[in-house]
Amino acid sequence: MKLCASCFSFLKTPSLEELKKGEIPLHVAVIMDGNGRWATSRGLPRIVGHKKGAIALRETVITCKDLGIKYLTAYSFSNENWQRPRKEVSELMELFVEVLGRELDGMIKNDVKLNLVGQREIIPPDILAVFENAEKKTENNKTLVFNIAFSYGSRQEISQALKKIALLHKEGDIELKDCSQNLIEQYLYTAGIPDPDLLIRTSGELRLSNFLLWQAAYSELYFTKTLWPDFNRKQFFLAVKDYQNRKRRFGKL
Ligand code: FPP
Numbered sequence: 010m011k012l013c014a015s016c017f018s019f020l021k022t023p024s025l026e027e028l029k030k031g032e033i034p035l036h037v038a039v040i041m042d043g044n045g046r047w048a049t050s051r052g053l054p055r056i057v058g059h060k061k062g063a064i065a066l067r068e069t070v071i072t073c074k075d076l077g078i079k080y081l082t083a084y085s086f087s088n089e090n091w092q093r094p095r096k097e098v099s100e101l102m103e104l105f106v107e108v109l110g111r112e113l114d115g116m117i118k119n120d121v122k123l124n125l126v127g128q129r130e131i132i133p134p135d136i137l138a139v140f141e142n143a144e145k146k147t148e149n150n151k152t153l154v155f156n157i158a159f160s161y162g163s164r165q166e167i168s169q170a171l172k173k174i175a176l177l178h179k180e181g182d183i184e185l186k187d188c189s190q191n192l193i194e195q196y197l198y199t200a201g202i203p204d205p206d207l208l209i210r211t212s213g214e215l216r217l218s219n220f221l222l223w224q225a226a227y228s229e230l231y232f233t234k235t236l237w238p239d240f241n242r243k244q245f246f247l248a249v250k251d252y253q254n255r256k257r258r259f260g261k262l
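With my numbering, you'll find the sequence shown wraps up at 262, consecutive numbering, no jumps.
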């Protein structure tokens, strides 16, 4: 069989203008996986992969803004990640503080609103203060809401929501019939944020790893073997192009 250039057209990176003619997802979520493997395959310490990953995330934020995407949620540190070796956790914390400090002015200038999505109670106070300062300084920004899922786990998120609702019921503030999907959503960390339309995971792993389990019920999933530090604007465009070719039915016909 003869293969022609058009056989590979699905691999062709579309331009910004081409993509903008199609449907742009309102909310994109990313599982930034593969930083460690990126570094170790080059004989480098894992933290170098995380640093390169932070640069890839910066490019993703800019790409989202250029495409007119309104919400980006990045899985930056899971509840389970607290159990990584102490050295990696403390290097990652230093990196978060450094990156937030370095990028804050840019977020303010570019009208990006930063939002921490996660279990705040278990975040060390000095780290939480850095996130909350960035949230405060960007609270009125509107162009892109950038959710950093940090100290985040979906099962923990759902259980804390249910505990709060159970307490309201116990105190007589709500009746059992009021415990609707809408009510549960109001107690998730993502209250007020629309569900992701497109969820991207890098590094070839095919799972959700406790990320947005409730919110991703009807998200279009996109998996790529590219490791997160190599995930760039072109790769993002390919993911959005793939999304634009999906037929979303939300369980209907
Ligand atoms: C997963 O790769 C990645 C992380 C646990 C950390 C991601 C953090 C950043 C990209 C920094 C972002 C900065 C801010 C301020 C949000 P992995 O370590 O699981 O990689 P592996 O699977 O190859 O080991």
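Cβ coordinates follow ideal geometry from the N, Cα and C atoms, glycine included.
Beta-bridge partners of residue i, as assigned by DSSP
| i | result |
| --- | --- |
| F232 | R210 |
| F86 | F159 |
| H36 | Y80 |
| L66 | According to DSSP, L66 bridges with nothing at all. |
Exposed unless 16 or more other CB atoms sit within 10 angstroms - verdict on residue i
| i | result |
| --- | --- |
| S24 | exposed |
| W47 | buried |
| E166 | buried |
| E148 | exposed |
| Q224 | buried |
| K243 | exposed |
| A38 | buried |
| K122 | buried |
| L247 | buried |
| I56 | buried |
| L215 | exposed |
| S163 | buried |
| E229 | buried |
| A65 | buried |
| T49 | exposed |
| T295 | Because residue 295 is not part of the residues shown, which for the chain are 10 to 262, the question remains open. |
| S168 | exposed |
Contacts around residue i, its chain only, beta-carbon distance under 6 Å, and the 5 residues preceding and following it disregarded
| i | result |
| --- | --- |
| F140 | L125 |
| S99 | none |
| L113 | A143 |
| L262 | none |
| I132 | S160 |
Cβ shell of residue i (< 7 Å), same chain only, five flanking positions each side left out
| i | result |
| --- | --- |
| G62 | M41, N44, W237, P238 |
| A170 | I193, Y196, L197 |
| R67 | E112 |
| C73 | V37, L81, L153 |
| R210 | I40, D42, F232 |
| R129 | L137 |
Three-state class that DSSP yields for residue i in the structure shown
| i | result |
| --- | --- |
| L53 | coil |
| A170 | helix |
| K74 | helix |
| L153 | strand |
| K256 | coil |
| A226 | coil |
| R124 | Sequence check: residue 124 is Asn here, not Arg. Correct three-state label for N124: strand. |
| G58 | helix |
| S31 | The residue you asked about is not Ser; residue 31 is Gly in the sequence shown. Three-state result, G31: coil. |
| F9 | No information on residue 9 is available, as it lies outside the stretch 10 to 262 that the chain covers here. |
| L262 | coil |
| N241 | coil |
| I131 | helix |
| I136 | helix |
| G43 | coil |
| E103 | helix |
| G181 | coil |
| G110 | helix |
| R164 | helix |
Close beta carbons around residue i, own chain, < 8 Å, minus the five adjacent residues each side
| i | result |
| --- | --- |
| I33 | L76, G77, I78, V249 |
| I174 | I183, C188, L192, I193, Y196 |
- prompt: Touching or not, the region 156-174 and the region 85-100, by the rule of three or more beta carbon pairs under 8 Å?
  reply: yes
* Stretch pair the region 197-216 + the region 242-257: three plus CB contacts closer than 8 Å -> yes
Margin query: If contact is defined by three or more beta carbon pairs under 8 Å, each pair taking one atom from either stretch, is the region 116-125 in contact with the region 185-196?
Written below: no
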